[in-house]
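Heads up, the thing below is written out as structure tokens.
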Amino acid sequence: MFFSVNDLTGVPGLPGTVQGIRWTLNRATEQHPEWRRKRAGSKAFEYHIDCLPAEVQKVLRERHLKQLMATSAPASDVPAVVKARTPKNPDDVRKIDVYRKCPALMEEKLAELTEKQRRTADARMVLAAEVLRIEADSGLPRLKVINSLVNSARAEELPEHLQLAASQANAKPGAGRFISRDPLYQWVLSYLQAQTAAERLLLLAPGKRQPLKPEQIPWLGDFLAHYSTPNGVPVSEAYDDFKAEWQQRYAGQPYMLDAMPGYDAVRYALDKLPAFVKQRGRVTGIKARQIEGFVRRDWCSLPVNYVWIGDGHGMKMRCLHPVHGQPFSPEVTFVIDGACRYITGWSLALAENTMAVAGAIKHGIQNCGKPFLYYSDNGPGETGQALDAEITGILPRLGIDHPTGIAGNAQGRGIIERLNRTLPVRIARKYPTYFGKGADQENQRVLVKDLKSAFNAMEKGNELNARQRKALEQIPSFAQVYEAIAEGVEWYNNREHSELPKKPGTGRHYTPAEFRRYKLEKEETEIEYLSPFELRDMFMHRVIRTVNRCEIKIVNNIYYATELRPEHGNKVFVDFDIHDAEKVIIRRLDGSFICEAIWNANKRLAFPVTAEYVAQQARLKGRRARGEAIIREAEAEARGVLDTPREPEPLPGNTYVPTPACIPAGNVVLVQEQEEDEDYATQETFGRGLRLWIEEQEEQDPFGDE
Numbered sequence: 000m001f002f003s004v005n006d007l008t009g010v011p012g013l014p015g016t017v018q019g020i021r022w023t024l025n026r027a028t029e030q031h032p033e034w035r036r037k038r039a040g041s042k043a044f045e046y047h048i049d050c051l052p053a054e055v056q057k058v059l060r061e062r063h064l065k066q067l068m069a070t071s072a073p074a075s076d077v078p079a080v081v082k083a084r085t086p087k088n089p090d091d092v093r094k095i096d097v098y099r100k101c102p103a104l105m106e107e108k109l110a111e112l113t114e115k116q117r118r119t120a121d122a123r124m125v126l127a128a129e130v131l132r133i134e135a136d137s138g139l140p141r142l143k144v145i146n147s148l149v150n151s152a153r154a155e156e157l158p159e160h161l162q163l164a165a166s167q168a169n170a171k172p173g174a175g176r177f178i179s180r181d182p183l184y185q186w187v188l189s190y191l192q193a194q195t196a197a198e199r200l201l202l203l204a205p206g207k208r209q210p211l212k213p214e215q216i217p218w219l220g221d222f223l224a225h226y227s228t229p230n231g232v233p234v235s236e237a238y239d240d241f242k243a244e245w246q247q248r249y250a251g252q253p254y255m256l257d258a259m260p261g262y263d264a265v266r267y268a269l270d271k272l273p274a275f276v277k278q279r280g281r282v283t284g285i286k287a288r289q290i291e292g293f294v295r296r297d298w299c300s301l302p303v304n305y306v307w308i309g310d311g312h313g314m315k316m317r318c319l320h321p322v323h324g325q326p327f328s329p330e331v332t333f334v335i336d337g338a339c340r341y342i343t344g345w346s347l348a349l350a351e352n353t354m355a356v357a358g359a360i361k362h363g364i365q366n367c368g369k370p371f372l373y374y375s376d377n378g379p380g381e382t383g384q385a386l387d388a389e390i391t392g393i394l395p396r397l398g399i400d401h402p403t404g405i406a407g408n409a410q411g412r413g414i415i416e417r418l419n420r421t422l423p424v425r426i427a428r429k430y431p432t433y434f435g436k437g438a439d440q441e442n443q444r445v446l447v448k449d450l451k452s453a454f455n456a457m458e459k460g461n462e463l464n465a466r467q468r469k470a471l472e473q474i475p476s477f478a479q480v481y482e483a484i485a486e487g488v489e490w491y492n493n494r495e496h497s498e499l500p501k502k503p504g505t506g507r508h509y510t511p512a513e514f515r516r517y518k519l520e521k522e523e524t525e526i527e528y529l530s531p532f533e534l535r536d537m538f539m540h541r542v543i544r545t546v547n548r549c550e551i552k553i554v555n556n557i558y559y560a561t562e563l564r565p566e567h568g569n570k571v572f573v574d575f576d577i578h579d580a581e582k583v584i585i586r587r588l589d590g591s592f593i594c595e596a597i598w599n600a601n602k603r604l605a606f607p608v609t610a611e612y613v614a615q616q617a618r619l620k621g622r623r624a625r626g627e628a629i630i631r632e633a634e635a636e637a638r639g640v641l642d643t644p645r646e647p648e649p650l651p652g653n654t655y656v657p658t659p660a661c662i663p664a665g666n667v668v669l670v671q672e673q674e675e676d677e678d679y680a681t682q683e684t685f686g687r688g689l690r691l692w693i694e695e696q697e698e699q700d701p702f703g704d705e
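Using numbering that gives the first Met the number 0, the first residue of the sequence shown is number 0, and each one after it goes up by one.
Now the structure itself:
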């Protein structure tokens, strides 16, 4: 290194004036003229560093290093001519050789590096590259460059990017920690040993403490035997059972008793387990599948009317029953087009049944055409014979395939399940009788109590008080709920849906109605609509019956037509409307029309019994039986058993032989009352009353046969 007089001005150990420095330098170079040369392109002379005193040389070298570090180049600019030295650590050699022979192992190790390890390795690469660059530019020994860099780092005199790298390269927590000489020297060796960036990253990345894996904990399986039960045992209770078993198993073994894990160790081990392992055995079915992987279905790629999804939902509210006027919770059924999230049809019914599902599908076909598939759960309302019977079912006759989901796997029908958690709840919240999530349970208890009081007063003919009238004003009618659902469906179909794509240029999502129109225009899908006559004909329930002397019997009704005379003994299709029992349509098994049979055309009776009435009576009978069972159980609990004092027997050897009507209990004999067959009594009473009523009608009928 050569310096001019101006470069040496102000350096400690030299004269303070330019003339003094020049005289000192000329005197020092008299015996060594090679230390003095003329600067290229100038008249000035410059002098080699070896002609200066040792303390001055040290100052100049440190100044030069700082200048080099201040103008440091990126790591990629390190001269390629630097010759790699043979590393002294044989372990590193073996490690890099293994990586080069097994690239898959290198990829695995790279994938295991954390973000902190990568940042530390990058900082070490920056420092190693800086050492090599200064070594090549200055010609100084590597150890001197390293010592200068370490001292400057400790004095915080390095440039900002090098100072930051020095603080990150240590990989140890705590402020004020910097690099030292030996680690930096080893980093330089590893940097020279590597040939690619991936190898440098692996060799310079710090190690990390390997956590204890759950399978390495010998007692964890014994604890999980108490914890992994479907009863929801808490950790503390499971630990008590585990502790008791441990103490019993290792009784008399003090070393094993001392090695029993504590409660905190158990909690630490549980926290290391994945969620699906921790919950294995504790939850099953749908709860277990909620923490497993799943398949996300792409619905938007399907054409319009390809898949309709339907499901019923009990509304979390009370309204007035349209028949008896008492409070009840109605059942709403929605049918949605999976491709565009558009609600195509819906129905409101008294309970979940096949009629409600058929009504929703009919409403959808009437408004939006016929679908290719109808997807639903396998509940009784969705899979009744009226819908799915192979020949006579409504859906097979319409040519609609009906796949059903797996029982207990509601995620497969997430579209309709998500709808049922939003729209029905939104509608029900409009009324004070809402009793779902978020409703005040105390307010609902008071309201139900006031409603029962009001209806009891009306039944007895008493005048209602102000509180009872207010309760009646808060409960909506069935028609009001029907109108609210129609408004809710209109709102849903015309609001932005987050699962639908965004409209170009607007940044907002399509509404179901907009996306349905967009797909119909883009894909030019042909929609098949049914005429009113086809709708009425196809949605009639169909059964197979045998003709007997021009009569067809169905739902306890008899239908007659003289056109059935040639079909005596043959099986035919019978199509009937559940709301109209006056007539049925008779077809041959090949589908050809025969005639319309009239209800009791060969017999007189006042009113036909509709299928809807039969279902209503069946529900009434079931509810009455369940209510009477509850009453009998309550009376049995209240009756109890009374002990009676034992009296001496009047005759020696007199014993009581129990009969089927009496059961001895100690010194008490419980006499059971003989119960009359309820169904038999009901049928006998109903039949006798019906005969008396028919005889009375015939006597009063002026047009009766004489």
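Glycine is no exception: its CB is placed at the ideal position from the N, C-alpha and C atoms.
Apart from the five residues just before and just after residue i, which ones in its own chain have a Cβ nearer than 7 Å to its Cβ?
i, result
"residue 275", "290 and 291"
"residue 575", "539, 540, 553 and 583"
"residue 424", "315 and 435"
"residue 426", "483, 484 and 487"
Mapping DSSP to helix, strand and coil, what is residue i?
i, result
"residue 315", "coil"
"residue 471", "helix"
"residue 38", "coil"
"residue 376", "coil"
"residue 323", "coil"
"residue 362", "helix"
"residue 455", "helix"
"residue 338", "coil"
"residue 540", "strand"
"residue 723", "Within the shown structure, residues of the chain are numbered from 0 to 705, placing residue 723 beyond reach of any answer."
"residue 669", "Caution is warranted here: a pLDDT of 38 is assigned to residue 669, below 50, making its placement in the model unreliable, and the coordinate value is therefore given only provisionally. The answer is strand: DSSP assigns residue 669 an E or B state."
"residue 156", "coil"
"residue 307", "strand"
"residue 510", "coil"
"residue 45", "strand"
Taking the alpha-carbon positions, what's the residue i to residue j distance?
i, j, result
"residue 319", "residue 471", "10 Å"
"residue 515", "residue 281", "44 Å"
"residue 147", "residue 37", "31 Å"
"residue 345", "residue 351", "13 Å"
"residue 6", "residue 119", "38 Å"
"residue 556", "residue 361", "26 Å"
"residue 45", "residue 162", "33 Å"
"residue 145", "residue 132", "11 Å"
"residue 108", "residue 215", "21 Å"
"residue 13", "residue 26", "13 Å"
"residue 20", "residue 3", "10 Å"
"residue 297", "residue 417", "16 Å"
"residue 100", "residue 208", "26 Å"
Does residue i pass the burial test, meaning 16 or more other C-beta atoms within 10 Å, or should it be called exposed?
i, result
"residue 95", "buried"
"residue 50", "buried"
"residue 202", "buried"
"residue 102", "exposed"
"residue 309", "buried"
"residue 233", "exposed"
"residue 497", "exposed"
"residue 569", "exposed"
"residue 592", "exposed"
"residue 270", "exposed"
"residue 589", "exposed"
In its own chain, which residues sit with a C-beta less than 8 Å from the C-beta of residue i, not counting the 5 before and 5 after it?
i, result
"residue 518", "302, 303, 338, 339 and 524"
"residue 434", "315, 316, 317, 440 and 443"
"residue 177", "149, 152, 153, 165, 166 and 169"
Among the residues of its own chain, which have a CB less than 6 Å from the CB of residue i, if the five just before and after it don't count?
i, result
"residue 238", "262 and 265"
"residue 528", "368"
Write down the C-beta distance between residue i and residue j rounded to the nearest angstrom, noting that I regard them as a contact closer than 8 Å.
i, j, result
"residue 586", "residue 571", "6 Å"
"residue 420", "residue 537", "Contact flag wrong, Cβ pair sits at about 32 Å."
"residue 331", "residue 312", "6 Å"
"residue 370", "residue 342", "13 Å between Cβ atoms; not a contact."
"residue 494", "residue 510", "6 Å"
"residue 473", "residue 453", "That pair is no contact at about 11 Å."
"residue 28", "residue 34", "5 Å"
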